[in-house]
Every structure is written in structure tokens, then in C-alpha cells.
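Here the structure is laid out as C-alpha cells; the discussion comes afterwards.
There are 2 protein chains.
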Amino acid sequence: MASVTTRSTPLPAPWDGVRAQLHDRGLRWTPQRRLLVEVLARTDGHVTAAELLESCRAIDPATIPSTVYRTLDVLEELGLLRHAHGPEGREEYHVLPREEHGHLHCAGCGGRWEIGADDAAALVATLAARDGFAVDLSHLVVVGRCRGCGAG
Amino acid sequence: MASVTTRSTPLPAPWDGVRAQLHDRGLRWTPQRRLLVEVLARTDGHVTAAELLESCRAIDPATIPSTVYRTLDVLEELGLLRHAHGPEGREEYHVLPREEHGHLHCAGCGGRWEIGADDAAALVATLAARDGFAVDLSHLVVVGRCRGCGAG
DNA sequence: GGGCTTGTCGCCACAGTATGCAATAACAAA
DNA sequence: TTTGTTATTGCATACTGTGGCGACAAGCCC
């Protein structure tokens with residue numbers, strides 16, 4: 001009889017190690033987690049939790065929201081994801097953060113860009129020097145208007 | 001017979017002009033709006049919408065959430081409020097923004113501080129020069145760890 | 001003061017996120 | 001393979017915030 005967890009898609013990149021990482025921490029590899037990981041493996045860049053939920057439901061309509069949210073928390077603890085809050089306050093996840101970076105959101109067109117460590121260096125240095133504050137770049141969201149949308 | 005809208009509290013500061021400002025735009029002065037304005041007049045600094053709702057309910061338990069949210073939107077359009085998103089993505093309102101400023105949130109102790117225009121000047125200048133991006137300082141939220149909470 | 005226009009309220013439903021709890025199932029050990 | 005432990009699921013529920021819609025009432029005009 002075919003195994004229940006189909007092996008049709010040997011997870012790529014860092015995702016193939018998730019199962020082992022979970023086991024190392026005494027956590028479990030479940031079909032629900034596998035489903036989300038499969039979805040994430042096909043995703044790159046930024047997604048909202050709601051989008052991920054929808055993608056999971058496209059494959060398994062029985063997917064429960066709270067399971068997805070909890071699994072996202074777990075994966076974030078493993079370091080495979082980072083989350084921040086978009087301009088409307090909704091959660092956004094960065095898959096496979098190569099390096100810490102902040103985000104730039106245009107309130108006009110909704111466009112998004114990344115802010116590198118060097119762009120924020122001055123701000124980070126100012127706050128570190130004056131207040132001893134250590135900035136978490138991955139949570140930095142800067143809202144404003146891009147060139148195209150003008151200062152209007 | 002006493003008037004329905006008690007005049008016991010002649011609204012202070014800029015709040016006394018709200019009614020006129022509403023009228024100028026063809027909007028209306030209702031008991032519900034007056035209640036929220038009274039609460040706001042006694043508040044300063046930062047509040048979440050939920051806190052304002054609670055304060056209103058303390059006075060009039062019949063206060064409806066959506067009315068509060070909609071009134072907050074209206075008052076923000078009048079320039080009497082600004083909102084930003086806290087680290088958990090909840091809405092936070094700044095009452096009577098004296099000047100545009102961003103916020104610093106400590107993920108450890110939950111402490112909050114303001115970021116002045118000068119603190120962010122370098123970041124603002126960098127983004128303006130490189131991308132032509134105009135930063136909205138009032139939406140700037142920087143998350144990290146304060147001196148006391150260490151880099152842990 | 002009375003009527004009319006239309007902005008606003010109150011209610012309902014829903015989206016997105018989060019938590020408690022009992023039942024289930026993953027995994028290890030026998 | 002069976003058993004036992006306990007992490008996880010699924011469900012119910014709650015909270016924040018938004019949008020639709022009919023009924024109501026604020027403010028204008030006469």
C-alpha cells in the first residue's frame with residue numbers, strides 16, 4: 001500500500017531538513033505541517049498568513065486557520081521564516097530570509113521594496129548610540145510615497 | 001428642561017472647534033461623536049482604539065465599536081489624530097500630534113519612545129535621494145530591544 | 001415649528017488573528 | 001506490532017477592525 005505521506009515532491013532547499021529540525025526539538029512532523037511547508041517551498045518573497053492559508057486550502061480544503069498560524073509560529077522559531085506587519089497591520093512573512101532587511105511601503109500604489117542594512121545604518125547607529133537601542137531590522141516598516149506616487 | 005447635550009464640559013484646546021470643522025465639511029455633530037471627543041480630550045499620548053472604546057463604554061455602555069472606529073477615521077481626516085500600528089499590528093492613535101514623529105518599541109519590556117524627525121533624518125534623506133521616496137514619519141515603527149532588555 | 005435630505009447609527013456578518021481544551025495521532029520504546 | 005506519552009489538531013470562542021444596509025435623526029430651508 002502506498003505510504004500516506006506521498007513522496008512525490010522531495011522538498012527542496014532548506015525545507016528538506018524541517019522534519020529533522022522538528023524532531024531535534026521533540027516536535028512532530030504532521031500532514032498539516034508538511035502541507036504548509038510544501039506551500040512555502042513554492043513561495044518566495046513576502047506572503048501574508050491569509051495567502052498561505054488560502055494556498056493550503058486550495059490543496060486541502062479542510063485546512064484549519066489556527067493550525068496554519070501555529071505552524072507559522074513554529075517555523076519562525078526554527079528560523080525559516082520572519083514576520084513583520086504590513087501597513088494595514090496584517091502579518092507578512094518573509095520566506096527564507098537571506099539577510100535581515102526592512103521594508104518600504106508606498107501608501108499610494110501599494111508598492112514594496114526592501115531596505116538593506118546599509119540604508120538603515122544611520123538610524124540604527126543613532127538609536128544605538130543615544131538610547132542603547134538595538135533595532136530589529138526585520139520588523140522595520142517604513143511607509144510613505146514613492147517617486148511615482150508623488151508627494152500628493 | 002435641560003438640554004440633552006450637557007454643556008458641563010466646555011471642550012478644551014482644539015476640540016472645541018470639532019463641531020465647526022465637521023459642519024464645514026457637511027458632516028454632523030452627534031452625541032456619539034461628542035462622547036468620543038470628550039474621551040479624547042482627556043487623553044494624551046498614545047491609545048489603542050480598543051482602549052478608547054472601553055473608555056467610551058465606561059460612560060455610555062451602549063457605545064458601538066463600529067461607530068467608534070468610524071468616528072476615529074473622521075477625526076483623523078480632520079487632522080486631530082494620527083494612527084500607526086504597534087508591534088502586534090494593533091492600531092494606535094496619537095492624540096493631537098504636535099509634530100510628526102515615529103515610534104520605538106522594545107520587544108522585551110514593551111516600552112515605547114518617540115523618534116524625532118532629526119533621529120530619522122538620515123534614513124529619510126537616504127530614501128529620498130536614492131528612490132525619491134517620501135517617508136511618512138508618523139507611520140514609522142521601529143522594533144528592537146532597549147538598553148535595559150539587552151541584546152539577548 | 002414642520003418637512004426634507006442625507007449623513008450617521010446600530011446591527012449583522014465577516015476577515016484575520018489568537019487561545020483554551022478535549023480528542024487524536026506521531027513517535028519512541030518495548 | 002502494540003503500548004504509552006504528549007505534541008498537535010480541530011473546534012469553539014474571542015477580539016480587532018471593516019463593510020453593507022435599513023432606520024433614524026441632524027441640520028437646512030421654508
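Residue numbers (this note's numbering), protein chains in the order written: chain A, 1 to 152; chain B, 1 to 152.
Each residue gets a CB set at the ideal place from its N, CA and C atoms; glycine is no exception.
The structure displayed is predicted, hence computed values, not measured ones.
- Looking at the backbone, the Cα of HIS83 of chain B and that of HIS94 of chain A are separated by about 25 Å.
- When DSSP states are grouped into helix, strand and coil, ILE115 of chain A belongs to the strand group.
- Against GLU91 of chain B, the close residues of chain A are GLY89, in the order they occur along the chain (beta-carbon pairs closer than 7 Å).
- Residue contact check for ASP131 of chain A against chain B: a CB pair falls below 9 Å.
- ASP119 of chain B reaches chain A at LEU123, THR126, LEU127 and ARG130, counting residues in chain order whose Cβ is nearer than 9 Å.
- For secondary structure counted as the beta strand (DSSP E) over 3 or more consecutive residues, the segment 49-116 of chain A holds these complete runs in sequence order: 81-85, 91-95, 102-106 and 112-115.
- Assigned with DSSP and collapsed to three states, GLY17 of chain B falls in helix.
- When the beta-carbon positions are compared, ALA117 of chain A and CYS149 of chain A stay at least 9 Å from each other.
- Taking the C-beta atoms as reference points, ASP73 of chain A is found no nearer than 9 Å to LEU35 of chain A.
- The beta carbon of CYS56 of chain A sits closer than 7 Å to the beta carbons of LEU35, LEU36, VAL39, THR63 and VAL68 from its chain, once the five residues preceding and following it are set aside; these are given in chain order.
- Taking a C-beta distance under 9 Å as the contact criterion, HIS85 of chain B and GLU92 of chain B qualify as a contact pair.
- Rounded to the nearest whole angstrom, the C-alpha separation of HIS23 of chain B and TRP29 of chain B is 8 Å.
- The three-state reading of DSSP puts ARG33 of chain B in helix, counting H, G and I together.
- Contact with chain B is found for LEU140 of chain A, since one of that chain's Cβ atoms lies less than 9 Å from the residue's Cβ.
- Considering only A:CYS109, A:LEU81 and A:HIS139, the residue with the shortest C-alpha distance to HIS103 of chain B is A:HIS139.
- Our two residues, TRP113 of chain B and GLU88 of chain A, have alpha carbons roughly 21 Å apart in a direct line.
- Against CYS109 of chain A, chain B offers no close residue; the least beta-carbon distance is about 12 Å (beta-carbon pairs closer than 7 Å).
- Checking the DSSP bridge columns, you'll see HIS46 of chain A partnered with A:HIS94.
- Boundaries of the beta strand (DSSP E) around ARG145 of chain B: 141-145.
- Partner residues in the beta bridge of VAL135 of chain B, as assigned by DSSP, are A:GLY144.
- Residue environment: ALA134 of chain A is assigned as buried (16 or more neighbouring CB atoms within 10 Å of its CB, all protein chains considered).
- In the structure shown, LEU11 of chain A falls within a coil segment according to DSSP collapsed to helix, strand and coil.
- Residues of the segment 29-63 of chain A with a C-beta less than 9 Å from any C-beta of chain B: none at all.
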